[in-house]
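The next block holds one structure in the form of structure tokens; read it before the comments.
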Amino acid sequence: MLSLGLVALALAISGVSSAATGFASPPAELFSPLVVQKVLKTAQSFPDPPQYPQYTDRDEGNWIWFNTDLWTTGFFPSTLYAMHERAQICGSKAGNADQWLELGRAWSTPEIPLETHTTVGHDVGFVSYPFMDELKVNPRNATAIQAVNAFASELAARFNPIVGCTRSWDSADPTDFQVIIDNMMNLEVLFASETLTGNQTLRDIAISHADKTMVNHIRADGGSYHVVDYNSTTGAVIRQRTSQGYADWSTWSRGEAWGIYGFANMYKHTHKFDYLQTARKMAKYWIANTPSDGIIPWDFNAPLDPPRPADSSAAMIAANGLLLLADQELAVHNASGSAYYTNEVIKMLSANTKLAWRPSWQSLLANGTVNNPEHNNLTGIVYGDYFFIKAGNELASRGLADC
Ligand SMILES: *[C@@H]1O[C@H](CO)[C@@H](O)[C@H](O)[C@H]1NC(C)=O
Ligand SMILES: *[C@@H]1O[C@H](CO)[C@@H](O)[C@H](O)[C@H]1NC(C)=O
Ligand SMILES: *[C@@H]1O[C@H](CO)[C@@H](O)[C@H](O)[C@H]1NC(C)=O
Ligand SMILES: *[C@@H]1O[C@H](CO)[C@@H](O)[C@H](O)[C@H]1NC(C)=O
Ligand SMILES: *[C@@H]1O[C@H](CO)[C@@H](O)[C@H](O)[C@H]1NC(C)=O
Ligand SMILES: *[C@@H]1O[C@H](CO)[C@@H](O)[C@H](O)[C@H]1NC(C)=O
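All letters in the sequence shown, in the order written, are residues -18 to -1, 1 to 385 by mature numbering (1 follows the signal peptide of the UniProt record, and there is no 0).
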């Protein structure tokens, strides 16, 4: 993350004037006392044996709980680490830093057995989030080091050199090698483990995967396919299609958001210009296809009638992806590009928070779409809340939001 001084300098260069930062105020809900209250309440009701919240019911907004071996179980522990980070940025208004850290650790511990047995496939990357968080707090925690390295090895073991990608989903026919755009998010654990071990093969795998994804998942207009099926014995593309989107040719918004974040992150790690260009292209598609009310639909091409459900989680993921992209623009001395994306983030957070904020729900946000083809829409979602909190932290640490 860049220092505040650099951001201020960049803004001065870009000629943005008005008020202190030149940006509109982000939505006040980002730092509502309800954030601390609700997260703490969920954290203190950890079931025994352990279960993890993934999404809520549609009417009351109560969390629905799932067993540990699931792709989303890292998000609530990581939310607790994000609150620990927030308490350091914002002080005691964000709760007690030591308590958040203790809760984050307690909630991560039952994930440790997933190192040796899990069915989450490529999502070992998401599952490793709280362990990567722990290493930011205590780089010497041996349990967390072991977890990051184990999850990275598992992802690396899913790499097929003929295809050039890590396998996302397992399939009945093993020659049907399925890669989803979401997989871009899981590459981070490979870089984290490379940092710990010096093993550059992990970096090479991430680069190969991103290069293939750039060619076969991203369309000329910057939209994206959800799934690409490769033939594992020939490396050929069999199909480009959707699973959770509206149609094979459409752009599922959460997938697009994972892509913006994923390619900005690849640029951060490699400084390979194609990744910056790809993140920009996907961001351009995102911004150009955002409807005039600013509400992010679950799929950018889903019909308007009957009204299409929003996906607040896609909006929150994209907000973080665009802020990461804004950092990369600053790194290439493109202050106006950086300010442009930051401004888009604030607009997007405002519109989608206004729609989805639900004081009476257990989740912070409603209007998330877990999986519309499976009729699971209009719920709270654990990763929507996680990325909502992270967006607040990012803006506060840049001096663009008041805690
Ligand atoms: C180290 O991290 C693990 C997993 O994140 C956690 O369970 C444990 O409490 C941490 N240990 C210490 C001493 O902080
Ligand atoms: C580096 O990582 C790859 C992928 O997990 C593994 O196959 C290889 O053995 C590792 N190399 C060393 C020197 O540990
Ligand atoms: C992959 O290619 C091989 C060899 O041509 C073929 O036998 C196999 O059926 C193909 N798999 C799929 C899923 O198309
Ligand atoms: C947002 O969610 C509410 C129910 O909580 C629903 O009535 C409304 O239609 C949703 N709006 C969108 C755009 O999804
Ligand atoms: C700055 O960023 C914007 C938005 O990504 C981009 O369109 C523009 O080409 C960039 N300018 C330079 C000089 O790189
Ligand atoms: C949202 O989910 C409900 C069922 O839970 C389903 O009936 C409806 O068709 C979905 N909405 C849209 C617009 O697809």
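Idealized CB from N, CA, C, for every residue including glycine.
- Membership of Arg223 in the beta strand (DSSP E) is indicated by the continuous run 219 to 223.
- Rounded to the nearest whole angstrom, the CA to CA distance from Pro29 to Thr55 is 13 Å.
- In the structure shown, Phe5 adopts coil according to DSSP, grouped into three states.
- Taken through DSSP and simplified to helix, strand or coil, Val210 comes out as strand.
- Taking 8 Å as the cut-off, the beta carbon of Ser345 is found closer than this to the beta carbon of Gly43.
- Going by beta carbons, Thr148 and Asn131 fall outside the 8 Å limit.
- Under the DSSP assignment, Val161 falls outside any alpha helix (DSSP H), being part of the beta strand (DSSP E) whose first and last residues are 158 to 162.
- Along the segment 224 to 280, the alpha helix (DSSP H) occurs as fully enclosed runs of 4 or more residues at 235 to 252, 255 to 271, listed in sequence order.
- Taking 8 Å as the cut-off, the beta carbon of Leu331 is found no closer than this to the beta carbon of Asn349.
- About 6 Å separates the beta carbons of Asn334 and Ile277, which is inside the 8 Å limit, making them a contact pair.
- Non-local beta-carbon contacts of Ala64 in its own chain, meaning distances under 7 Å to residues more than five positions away in sequence, involve Tyr368, Ile371, Lys372, Asn375 in chain order.
- At least one heavy atom of ligand 3 sits closer than 7 Å to the Cβ of Asn213.
- In the three-state reduction of the DSSP assignment, Ala76 falls in the helix class, which pools H, G and I.
- Using a 10 angstroms sphere on the CB of Asp309, the tally of other CB atoms reaches 16 or more, which defines it as buried.
- Considering only Trp280, Thr179, Thr252, the residue with the shortest C-alpha distance to Thr224 is Trp280.
- The C-beta distance from Ile163 to Gly107 rounds to 13 Å, too long to meet the 8 Å contact threshold.
- When rounded, the separation of the alpha-carbon atoms in Phe282 and Arg290 is 10 Å.
- Counting the other Cβ atoms within 10 Å of the Cβ of Val209 gives 16 or more, which makes it buried.
- Distance from the Cα of Ala284 is smallest, within the candidate group Arg68, Thr351, Ser190, for Thr351.
- With the criterion CB distance below 6 Å from any heavy atom of ligand 6, the matching residues run Pro288, Arg290, Pro291, Asn354, His357, Asn359 along the chain.
- Residue pairing of Trp47 in beta bridges, as defined by DSSP: Pro35.
- Closest by C-alpha distance to Val364, out of Phe57, Thr324, Thr272, Thr3, is Phe57.
- Three or more Cβ pairs closer than 8 Å define a contact, and the segment 11 to 20 falls short of that threshold against the segment 125 to 145.
- Remark: the shortest separation between the CB of Asp152 and any heavy atom of ligand 3 does not fall under 7 Å.
- Shown here for Asn142: same chain residues with a beta carbon closer than 7 Å to its own, the five before and five after excluded, namely Arg149, Phe159, Ser214 in chain order.
- Exclusion of Ala301 from the 7 Å shell around ligand 2 follows from its C-beta lying no nearer than that to any non-hydrogen atom of the ligand.
- The C-beta of Asn354 has 16 or more other C-beta atoms within 10 Å across all chains shown, which makes the residue buried.
- In the DSSP assignment, the residues bridged to Ala292 are Pro279.
- In the three-state reduction of the DSSP assignment, Leu347 falls in the strand class, which pools E and B.
- In this structure, DSSP gives Phe141 an extended state, which the three-state scheme calls strand.
- The beta carbon of His251 lies closer than 7 Å to those of Phe173 in the same chain, with the five residues before and after it left out.
- Looking at the DSSP output, Asn375 bridges to nothing.
- In this model, Val18 and Ala270 are separated by some 35 Å (Cα to Cα).
- Counting only heavy atoms of ligand 2, the residues whose C-beta sits closer than 6 Å to one of them are, along the chain, Ser135, Ala138, Asn181, Thr183, Leu184.
- By alpha-carbon distance to Arg236, the top candidate from Ala229, Ala296, Ser7, Asn316 is Ala296.
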